[in-house]
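Trainee: Take a look at this one; I'll ask things after.
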Amino acid sequence: MEEKKDYILETLENDLKQITTEQQLIELKSKYLGKKGLVTELTSNMRELTEEQRREVGAVAGEVRSIVTEKINALSCQIQEKILNEKLEKEKIDISLPSKKVRRGSRHPFHRIIEDVEDFFVSMGYDVVRGPELETDENCFQRLNVPLGHPARDAQDTFYIDEEYLLRTQTSSVQARTMQENQEKTPIRMICPGKVYRRDDDATHSHQFGQVEGLVIDKDISLADLKGTLELFAKKMLGENTRVRFRPSFFPFTEPSVEVDVSCFKCGGTGCPLCKKTGWIEVLGAGMVHPNVLRMGGYDPEVWTGFAFGTGLDRFAMFRYAIPDIRYLYTNDVRFLEQFDRKDEENEVK
């Protein structure tokens with residue numbers, strides 16, 4: 055057994071002197087430590103040996119394997135270091151060469167709009183509240199006065215996960231959660247910006263888009279409070295000359311409900327192709343919180359009143375930056391994004 059040990063180690067020393075590449079080292083490792091390697095063969099006839107002989111052979115084989123492994127690893131380190139040095143020598147960087155211009159994008163217009171909306175409402179004392187995008191049917195519909203079988207469900211093509219869960223079609227579900235979580239039933243003043251999902255996909259609609267919902271609940275809240283809030287909001291987002299008008303509408307979670315239009319930012323209300331010659335552009339829906347919604351949220355509609363509103367953040371981005379196709383917002387194209395720093399600078403100069 056000792057003779058085999060000496061033979062293996064002597065042969066290894068001779069072989070190590072011939073190794074200069076990684077491939078040769080791999081082949082050497084296989085020759086000694088592979089399934090049919092010289093070290094492995096030391097224990098190939100263990101079944102034929104006595105218990106005492108097995109212990110002796112096992113000890114010698116373990117010692118040889120340890121020595122062989124150590125020597126091969128040491129040579130591997132040397133070869134790797136040699137390769138690295140050669141690579142560094144060949145790939146020296148000439149720091150005198152002119153640098154390549156790195157293309158820079160900018161903050162996404164969608165996030166610019168969110169920041170402006172949040173800054174405006176926080177300055178008015180609103181809380182910014184977040185909620186899950188995977189929502190329950192109860193919070194997304196039922197607690198907003200849209201029970202099972204209600205016709206209003208047909209107006210929203212929903213992505214259902216199963217009978218209970220869905221991708222939220224509106225951030226109004228956060229309003230329902232906020233009312234439930236307010237155990238003391240104190241006044242609420244909140245907004246919730248976030249992503250929502252519907253089965254749409256064209257130049258002005260997307261299956262995923264941004265929305266911001268607002269909710270105010272207090273005593274003696276009236277439609278006049280809603281109108282004043284939205285006028286200030288429109289002027290902040292679209293310019294001081296923006297005018298606002300309310301049109302009667304229907305939403306199951308508000309009563310009365312209104313559609314809110316703003317004067318066309320392109321023609322100033324005189325009429326153009328953008329506003330279809332009307333001078334007005336629809337931007338959001340709003341209304342007074344329905345008594346049923348208040349009641350399901352734990353608020354007594356005889357004591358509490360409130361208003362709610364919701365608008366698409368993507369549409370405000372399209373209006374502000376004159377983006378013709380909503381799908382551009384989701385292309386992640388640097389050529390599209392890098393222009394918005396310049397546009398914001400132009401707006402500040404104006």
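If you number the sequence shown the way my numbering does, the last residue is 404 and the count never jumps. All C-beta atoms, glycine included, are put in the ideal place defined by N, C-alpha and C. Since the structure is predicted, the reported quantities are computational estimates derived from the model, not experimental observations.
List the whole-angstrom C-beta distance separating residue 383 from residue 368, where the pair is believed to meet the contact cut-off of C-beta under 8 Å.
Mentor: About 6 Å separates the two Cβ atoms, so the contact holds.
Trainee: Could you check what DSSP says for residue 376 in three-state terms: helix, strand or coil?
Mentor: Three-state DSSP puts residue 376 in coil, outside helix and strand.
Trainee: Can you give me the start and stop residues for the alpha helix (DSSP H) that residue 86 sits inside?
Mentor: That run of the alpha helix (DSSP H) goes 76-87.
Trainee: Note the first and the last residue of the continuous beta strand (DSSP E) segment covering residue 262.
Mentor: Counting along the chain, the beta strand (DSSP E) containing residue 262 begins and ends at 262-272.
Trainee: Measuring only the C-alpha atoms, how far is residue 182 from residue 325?
Mentor: About 36 Å.
Trainee: Look at residue 171 and residue 266 and say whether their C-beta atoms are less than 7 Å apart.
Mentor: In this structure, residue 266 lies closer than 7 Å to residue 171 by Cβ.
Trainee: Decide if the stretch 217-229 is in contact with the stretch 179-193; the criterion is three or more beta carbon pairs, one per stretch, under 8 Å apart.
Mentor: Short answer: they touch.
Trainee: Opposite residue 103 in the DSSP bridges: which residues?
Mentor: Its beta-bridge partners do not exist; DSSP assigns none.
Trainee: Cα separation between residue 87 and residue 93?
Mentor: Each residue's Cα considered, the two are about 6 Å apart.
Trainee: By a C-beta neighbour count over all protein chains shown, 10 Å radius and 16 as the cutoff for buried, is residue 224 buried or exposed?
Mentor: That one is buried.
Trainee: Which value, in whole angstroms, describes the spacing of the CA atoms of residue 213 and residue 81?
Mentor: About 57 Å.
Trainee: Can you tell me whether residue 296 is buried or exposed? The criterion is at least 16 other CB atoms within 10 Å of its CB, across all chains shown.
Mentor: Classification for residue 296: buried.
Trainee: Quick check on residue 320: does DSSP put it in helix, strand or coil?
Mentor: If DSSP states are grouped into helix, strand and coil, residue 320 belongs with coil.
Trainee: Quick one: what's got a C-beta closer than 7 Å to residue 58's C-beta in the same chain, skipping five residues either side?
Mentor: Cβ within range, chain order: 96.
Trainee: What did DSSP end up calling residue 219 once you bin it into helix, strand or coil?
Mentor: Of the three classes helix, strand and coil, the one that applies to residue 219 here is strand, per DSSP.
Trainee: Based on Cα-Cα distance, which residue from 234, 348, 250 lies nearest to residue 189?
Mentor: Measuring from the Cα of residue 189, the nearest candidate turns out to be 250.
Trainee: Looking at the strands, I want to know which residues DSSP matches up with residue 461.
Mentor: What is shown of the chain runs 55 to 404, which leaves residue 461 out entirely.
Trainee: Checking contacts by CB at 7 Å: is residue 267 closer than that to chain B?
Mentor: No chain B is present in this structure, which holds just one protein chain.
Trainee: Throw me the rounded Cβ distance for the residue 307 and residue 362 pair, which I believe falls under 8 Å.
Mentor: Confirmed, about 7 Å.
Trainee: Any idea what DSSP makes of residue 155, helix, strand or coil?
Mentor: The answer is coil: DSSP assigns residue 155 none of H, G, I, E or B.
Trainee: Fully enclosed by the stretch 179-207, which alpha helix (DSSP H) runs are 4 residues long or longer?
Mentor: Listed in chain order, they are 191-194.
Trainee: Just mark residue 104 as buried or exposed, buried being the case when its beta carbon has 16 or more other beta carbons within 10 Å.
Mentor: Result: exposed.
Trainee: Measure the beta-carbon distance from residue 314 to residue 339 and round it to whole angstroms, keeping in mind my assumption that it falls under 8 Å.
Mentor: About 7 Å; that satisfies the 8 Å criterion.
Trainee: How many Å lie between residue 276 and residue 304 at the Cα?
Mentor: Their Cα atoms are separated by approximately 18 Å.
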